[in-house]
Amino acid sequence: MGELQRIIGLITDFGLKDPYVAIMKAVILNINPNVEIIDISHEIEKFSIAEASFILTSSLKYFPRDTVFVVVVDPGVGSSRRALIIQTKNFTFIGPDNGVLVPAAIKDGVKNVYEILNRNFFLKPVSSTFHGRDIFAPAAAYLTLGTPPEILGRKINLNSIVKPSWATFKLSKDKVEGYFVYFNGFGNASTNIPADEVSWLKYGMRVRVNIHGKASLIIKFLRAYSEVEEGETLLVTNSFGFLELAVNKGSARRKYNLKYGDKVTTSFRTHICYL
Amino acid sequence: MGELQRIIGLITDFGLKDPYVAIMKAVILNINPNVEIIDISHEIEKFSIAEASFILTSSLKYFPRDTVFVVVVDPGVGSSRRALIIQTKNFTFIGPDNGVLVPAAIKDGVKNVYEILNRNFFLKPVSSTFHGRDIFAPAAAYLTLGTPPEILGRKINLNSIVKPSWATFKLSKDKVEGYFVYFNGFGNASTNIPADEVSWLKYGMRVRVNIHGKASLIIKFLRAYSEVEEGETLLVTNSFGFLELAVNKGSARRKYNLKYGDKVTTSFRTHICYL
Amino acid sequence: MGELQRIIGLITDFGLKDPYVAIMKAVILNINPNVEIIDISHEIEKFSIAEASFILTSSLKYFPRDTVFVVVVDPGVGSSRRALIIQTKNFTFIGPDNGVLVPAAIKDGVKNVYEILNRNFFLKPVSSTFHGRDIFAPAAAYLTLGTPPEILGRKINLNSIVKPSWATFKLSKDKVEGYFVYFNGFGNASTNIPADEVSWLKYGMRVRVNIHGKASLIIKFLRAYSEVEEGETLLVTNSFGFLELAVNKGSARRKYNLKYGDKVTTSFRTHICYL
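The following block contains the structure:
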């Protein structure tokens, strides 16, 4: 084949029981039958913009250049939320103007932002409750056919779009403070702290991990889950590069009753209690 | 490519843990490697013909012409249930003769009905418990290769097939009575009442919604979930065009303890109680 | 197209919420965009090598020749577990050296075994926690491109790899003893006993089924679930060819509180109690 098949990656909170994901795929393939669709996740916690954003940002770099990512997670669907196309160095992002696309787009380097407006490229009639099907899916399909984003809408200023309020961490020379932003299916608890930015943290080191208001642990920072006994807790760098609290063959989420947004401090001075 | 890739859409109650869906796909791709398979849903409530039928009927119109839909939901699998091919104006439907294909096929316009009988096109040996793999999947694959349905079986009379008993609603000039036939992953409760047939219902109107034996509500008929506060109930037209009871960022199903088949009456005379 | 698209079949215990499966697919398509990926199951019970192995072995024969199967289920991930390629008569298997690939490979006929070692074909940097993405997915993709396994690693002896300890059954002329090794989504309980090896077992026969320490049943061995009333128990040959305890429209797993590895004896002398 001359040209490579373009890829569309989908992230939604639709779950897999309802036919919504399949309908988006049908709409896409009706417009461009030669696109390859990859389901990134459809089991985002309902309306969780932060979780969708973490998954998108963490998955990004494994996808081929020119992948189009479509994110449909929005507590305010049906409101007057704008629909965005963000072009970055390697990718294109499509989704609502609620901040969900921003961390991933900034990570890859934003080039242009567009508001989708041209109703000629919408699926008709447009439902006020299903923008994923009626606006985002067709936009993604037309972009993979080569339709320029200028035709689908109008260029807008990056400053005008909604920025997310989560995703900051505080680093000092003996501790680092962040948040639990993602629990995987095993119950491993990822923070928003990129491990390689914490230069004082070395494998094998004992650290104090203070889960504010819940627990204060003295555990080891290790390379692999299997370096502790079953049921024991450790700190690792997860496969996305973030500090993660984990229990070998168990669930840290359940063991410490962790919630999205719980604050966590890691310190190498284990004799000091931050509780 | 000269010819467009044909699409097969799958609906089952197999779930995604077991390998049954993957085996059906392997059987299909073994016969026709150039078909595109879309999972519509594999999490249909076990044996729920009504739910599978609603999802099929609601998804239909978004799929490209010539899509072949395969539905494997059957409380009587292993019995002497006939296997059907129904050709309609735009599509082909394959599944058991238990009524599950009928509403979708009628909606698109039935042209011909066939009973699948030719064992040369079955996967051998035929298991009495897995018609999806042994009969429906091969039939779908051969049809996408251009094998005429007359070769796979014999033409039968539309009148001879099983018709479903659900899916009726009663409309009068001040009320409409139907059933809850589908709960989506958010807990929104879809009725079987097409919104556009209820001419007296206008956006912004306050209506009485009587869930027989459970609750009598006075709520608004609105365009979008976000038009009420979080946790409040509203009536909307869902993205499939049916009247739906919903709770903004909540679950109507849980709030009112709704079950499949619960009767619901909507009336615009809010001062009358139908309880 | 000249050559047929190669198929990669995936089995993991990652679940579908996390983006791990999508990342493996992205890595694969980045290396070989023309491969077809089939999800066999991603909902294997966490770390259950036996379940993954049963599903792989049961699915095998429906897949086209030259399919590459990748299994990522490993309680010891992050340890010094070797990564294997096993070439068999019809297929290629990739996964950890923990026994999970062995029953399927032996069933199809082992030709060669390789340890994956060549870091030039790894995704870099290699994470100690995600071999599926960094080692197995690239290996599968390169194999489908035609890269010989000798280039990816070194040939090793079949005797040197880990063999599984499960999967034996004892057959005599009036009883057969085995284990429950798989529960499907309906709660049907598959044993590891191939039905066609139990020559004294005939359809219609009443048998005693003794679930050691839990229950002793006298039930019928029948062809189809629907041959008993709803809620009644029966013994059937499941669609994979194994003896299976099932409840018509119910869950045998729940009814008898069955666990993985529970021992089960089936006997045709119903007047003797083996409890």
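Residue numbers (the numbering used here), protein chains in the order written: chain A, 505 to 779; chain B, 505 to 779; chain C, 505 to 779. Backbone N, C-alpha and C fix where the C-beta goes; we use that ideal spot for every residue, glycine too. Every value quoted in this text rests on a predicted model; they were computed, and no experiment measured them.
Residue interval of the alpha helix (DSSP H) (run including residue i)
i, result
"D612/A", "606 to 612"
"L533/B", "524 to 535"
"S676/A", "Taken as a continuous stretch (DSSP letters only), S676/A belongs to no alpha helix (DSSP H), as it is neither H nor E."
"S632/B", "S632/B -> no alpha helix (DSSP H), and no H or E assigned at all."
"I544/A", "That residue, I544/A, is in no alpha helix (DSSP H); its beta strand (DSSP E) goes 540 to 545."
"F487/C", "Outside the shown range of chain C, which is 505 to 779, sits residue 487/C, and nothing can be said about it."
"L647/C", "641 to 648"
"A756/A", "756 to 759"
Separation of residue j from residue i, as counted between CA atoms
i, j, result
"G613/C", "K674/A", "57 Å"
"E540/C", "L533/B", "10 Å"
"I776/C", "P698/C", "Per-residue confidence for I776/C stands at a pLDDT of 46, beneath the threshold of 50, marking its modelled position as unreliable; the derived number appears in the next sentence. The alpha-carbon atoms of I776/C and P698/C are separated by roughly 24 Å."
"F558/A", "Y729/B", "26 Å"
"L721/C", "Y760/C", "10 Å"
"T672/A", "G682/A", "7 Å"
"S584/A", "K550/B", "38 Å"
"N624/A", "K565/B", "19 Å"
"V702/B", "F595/B", "29 Å"
"R758/B", "P652/A", "45 Å"
"F690/C", "V680/A", "47 Å"
"F626/A", "D522/A", "22 Å"
"Y778/C", "I715/C", "Annotation note: pLDDT 43 at Y778/C (below 50); position unreliable, no value reported."
"G513/A", "R712/B", "43 Å"
"I610/A", "N696/A", "16 Å"
"D700/C", "F772/C", "15 Å"
"Y646/A", "A556/A", "24 Å"
"I511/B", "T592/B", "16 Å"
"G506/A", "T648/A", "With a pLDDT of 39 at G506/A, under the threshold of 50, the modelled position of that residue is not reliable, and the figure given next carries that caveat. Rounded to whole angstroms, G506/A to T648/A spans 15 Å at the Cα level."
"A750/C", "R710/C", "15 Å"
"V732/B", "L605/B", "37 Å"
"K615/B", "G636/A", "33 Å"
"G519/C", "S545/C", "9 Å"
"L588/A", "K667/A", "13 Å"
"Q509/C", "V630/C", "28 Å"
"K628/A", "D678/B", "30 Å"
"E676/C", "G745/C", "Sequence inspection shows Ser at residue 676/C; the Glu mentioned does not correspond to that position. Straight-line Cα distance between these residues: approximately 19 Å."
"E734/B", "F634/A", "19 Å"
Nearest neighbour of residue i, chosen from the options [CA to CA]
i, options, result
"V531/B", "K565/B, P642/B, I548/B, V539/B", "P642/B"
"I723/A", "P523/A, S694/A, G717/A, T770/A", "T770/A"
"Y707/C", "L747/C, I610/C, I715/C, D638/C", "L747/C"
"L726/C", "I715/C, G717/C, N742/C, F567/C", "N742/C"
"G657/B", "N714/B, N622/B, F687/B", "N622/B"
"P756/A", "F772/A, K767/A, G765/A, L739/A", "First, the amino acid is wrong: residue 756/A is Ala here, not Pro. The shortest C-alpha separation from A756/A is found at L739/A."
"L762/A", "Y646/A, G717/A, Q509/A", "G717/A"
"Y686/C", "K767/C, T633/C, D522/C", "K767/C"
"P600/B", "N714/B, S632/B, A609/B, F640/B", "F640/B"
"E619/B", "T737/B, E654/B, F518/B, S631/B", "E654/B"
"G580/C", "S632/C, L514/C, P607/C, I515/C", "S632/C"
"V577/C", "K753/C, N696/C, G603/C", "G603/C"
"V617/C", "F634/C, I590/C, P629/C, P607/C", "I590/C"
"G765/A", "S694/A, E736/A, I515/A", "S694/A"
"T737/C", "A719/C, G745/C, S552/C", "A719/C"
Closer than 7 Å: residue i CB and nearest the ligand ATP heavy atom
i, result
"K718/C", "By its list of ligands, the structure shown contains no ligand whatsoever, and the ligand ATP lies outside what it can speak to."
The beta strand (DSSP E) enclosing residue i, as first and last residue numbers
i, result
"P653/A", "No beta strand (DSSP E) contains P653/A, which is instead part of the alpha helix (DSSP H) from 653 to 656."
"K724/C", "719 to 724"
"K767/C", "767 to 771"
"R586/A", "Neither: R586/A is in no beta strand (DSSP E) and is coded neither H nor E."
"R712/B", "710 to 715"
Worksheet item: Within the chosen definition, does the segment 565 to 582 of chain A reach the segment 537 to 551 of chain A through at least 3 CB pairs nearer than 8 Å?
Response: Counting C-beta pairs with one atom in each stretch, the segment 565 to 582 of chain A and the segment 537 to 551 of chain A have three or more that are closer than 8 Å, which means they touch.
Practice prompt. Using a Cβ-Cβ cut-off of less than 7 Å, list which residues of the segment 523 to 555 of chain C approach chain A; keep chain order.
Written response: P523, A526, I527, K529, A530, V531, L533, N534, P537, K550, F551
Worksheet item: Which residues, taken in chain order from the segment 624 to 644 of chain A, show a beta carbon closer than 8 Å to some beta carbon of chain C?
Response: none
Worksheet item: Is the segment 653 to 668 of chain B touching the segment 516 to 529 of chain B, taking contact as three or more C-beta pairs under 8 Å?
Response: no
Worksheet item: Going along the chain, which residues of the segment 750 to 764 of chain A sit with their C-beta nearer than 7 Å to a C-beta in chain B?
Response: none
Discussion item. Residues of the segment 596 to 622 of chain C in Cβ contact with chain A at a cutoff of 8 Å, in chain order, please.
Written reply: Of all residues in the segment 596 to 622 of chain C, none has a Cβ within less than 8 Å of some Cβ in chain A.
Worksheet entry | Interfacial residues, the segment 672 to 706 of chain C to chain B, with Cβ spacing under 8 Å | N688, G689, F690
Worksheet item: What residues from the segment 704 to 728 of chain C come within 7 Å of chain B, judged by C-beta to C-beta, listed N to C?
Response: R727, A728
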